[in-house]
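Heads up: the sequence shown begins at 1 in the UniProt record's numbering, then just goes up one per residue. All remarks here apply to the structure that follows.
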Amino acid sequence: MVSEVNADSDEDMDEDNRKPGLVAISSDEDEAREEEDVFSKIRRVSEEIKEMEQVLKEFPYRTIVLIRDVTLCCAVCHRCYLPRLP
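What follows is the structure, encoded as structure tokens:
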């Protein structure tokens, strides 16, 4: 075992004084974090979709009409005119 410890020299270390095996582990952690980020984004988007579905269920449905297609006619004189915009 002493020979194994002595076999490890400073030449095997990289610039950060870490062994190459440790560098590979840290890069695996970065990939794991990226995967967690992807799953958290998917979870967040699915929650937003559920919220939007709920809002659309509660949304009051109205008929949307172009104002140029709407004319009001007077019941007394039977003249038709366009309504004024507020």
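Backbone N, C-alpha and C fix where the C-beta goes; we use that ideal spot for every residue, glycine too. None of these values were measured; they are calculated from a predicted model.
Tell me the rounded alpha-carbon separation between residue i and residue j.
i   : j   : result
E36 : K50 : 21 Å
F39 : K57 : 27 Å
S46 : Q54 : 13 Å
C73 : Y81 : 6 Å
E48 : T71 : 41 Å
K41 : F59 : 27 Å
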